[in-house]
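So the number in my numbering is just where the residue sits in the sequence shown, counting from 1, plus 45.
Yeah, the Cβ is synthetic: ideal placement off N, Cα and C, and Gly gets one too.
It should be emphasised that the depicted structure is a prediction, and the values quoted were computed from it without experimental measurement.
First comes the structure, then the notes that go with it.
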Amino acid sequence: MRKIVVFDSGWGGELVADYLMRELSVVEVIRVIDWAHRAYRGLEPNFEITVDLLRPYIGNVDLIVLGGYAVGMMLGDLERTFPAQAFVAPSVNYDKILRTRQYPEQVAVLAGAATRSSELLQELREKLPYSTLILPECENWEDLIDNNLMTEDVVRTELAWDFVVCKQGLDSSEMRCGDDTVLMQEKSLTKCSLAQAIKNFGLAAEQARQEERRATISARQAQEARVRTKPDLVLILNTHFWEIKPEIERNLGWQVRVLDFREKLLHDVCAALKLRGVDGRRPK
């Protein structure tokens, strides 16, 4: 039986391993999950620590799958350092992006800071020259998912900070997108309340109430001035976010396509292992 290693940090690597195990029953999947985040100090993964974590498997398995876009930044360096070992990393299927009735004008990219600062983003700009790329702040999503805190309400709140979300209480056939002012105000007020709690610690209660009232007014003004977008397409470039793809689709509505590229990763794994007949589309 062929053996492959899935290496990543946190739940994203677990999701990749689960997916490959479901699709490739003839392959043994070994999980090497860096839950301590030793290889992820700072903006970019640390090559030396990554090699230390993978060294017991290099040369002893058929394939090493880098289970995230951030760690995938090291694919070239790993291939050059260990030419006899096969490696695969997540990538983008541009044919799938462009296979639509309408060219996507507004493209939202859900990715971590390392991916947003990598060559992949420049590649997206070059491959999608007529699209406007939207890069929302979602750096804390990985920790929320790792700690099982990314509920549907939290997903909705996080999306509403940057995007027009669908009104609640509608099923998927009735969803229409519109303003969600109350939700935005709740998030703004929550953030300001936390900041004010620290700032006003030890002050008199009356002064704290006055500061809170001023903060509430500022938060409301900031929320009213904020412009939220309605993307044509959302690209999930963080394997952690595979977990919340259904929630993203429900909250953004049926008119917004949400794509991850797990099928592309499966295709590349099969090509590296010289397996045929697997495309990730079989009934579940």
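- Runs of the alpha helix (DSSP H) lying entirely within the region 138 to 208 and spanning at least 4 residues, in chain order: 139 to 143, 158 to 161, 164 to 172, 186 to 191 and 197 to 205.
- A contact is defined here as three or more CB-CB pairs under 8 Å, and the region 51 to 67 meets this definition with respect to the region 275 to 291.
- With contact defined as three or more Cβ pairs closer than 8 Å, the region 293 to 301 and the region 189 to 209 are in contact.
- The alpha-carbon of Tyr-64 is positioned some 19 Å away from that of Glu-292.
- With respect to Asp-277, Pro-149 sits close: the two C-beta atoms are nearer than 7 Å.
- Inside the region 71 to 126, DSSP marks whole alpha helix (DSSP H) runs of 4 or more residues at positions 92 to 99 and 120 to 126, from first to last along the chain.
- The region 166 to 186 makes no contact with the region 304 to 321; the number of CB pairs closer than 8 Å stays below 3.
- Distances from the CA of Met-195 to each of Lys-290, Leu-280 and Phe-132 were compared; the closest alpha carbon is that of Lys-290.
- Considering only Glu-124, Glu-59 and Val-210, the residue with the shortest C-alpha distance to Lys-275 is Val-210.
- Ile-49 is a Cβ neighbour of Val-110, given a cutoff of 7 Å.
- DSSP places Leu-320 in the coil class of the three-state scheme, outside both helix and strand.
- For Val-61, the enclosing alpha helix (DSSP H) stretches over residues 56 to 68.
- Taken atom to atom, the span from the alpha-carbon of Gln-300 to that of Val-72 is near 37 Å.
- When rounded, the separation of the alpha-carbon atoms in Glu-164 and Leu-304 is 20 Å.
- Within the model, the alpha-carbon separation for Thr-95 versus Val-272 is close to 40 Å.
- Taking a C-beta distance under 7 Å as the contact criterion, Gly-112 and Gly-58 qualify as a contact pair.
- Arg-295: member of the alpha helix (DSSP H) spanning 290 to 297, first to last residue.
- By the C-beta density criterion, Gly-157 is buried, having at least 16 other C-beta atoms within 10 angstroms.
- Following the DSSP letters along the chain, one finds Arg-302 inside the beta strand (DSSP E) bounded by residues 302 to 304.
- Contact check for Ala-131 against Leu-108 passes: the beta carbons are separated by less than 7 Å.
- With respect to Gln-151, Thr-126 sits apart: the two C-beta atoms are not nearer than 7 Å.
- Within the same chain, Phe-127 and Gln-130 come within 6 Å of Ile-103 by CB-CB distance, once the 5 residues on both sides are set aside.
- Rounded to the nearest whole angstrom, the CA to CA distance from Val-106 to Glu-187 is 28 Å.
- If the five residues before and after Ser-70 are omitted, its C-beta is found closer than 7 Å to no C-beta atom of its own chain.
- According to the DSSP secondary-structure assignment, Phe-132 is paired through a beta bridge with Ile-109.
- Scanning Ile-190, Pro-101, Leu-280 and Val-199 for the CA closest to the CA of Trp-80 turns up Ile-190.
- Of the residues assessed, Pro-135 falls on the buried side of the cut-off, its CB having 16 or more other CB atoms within 10 angstroms.
- Per DSSP, Asp-277 lies in no beta strand (DSSP E) segment and is marked neither H nor E.
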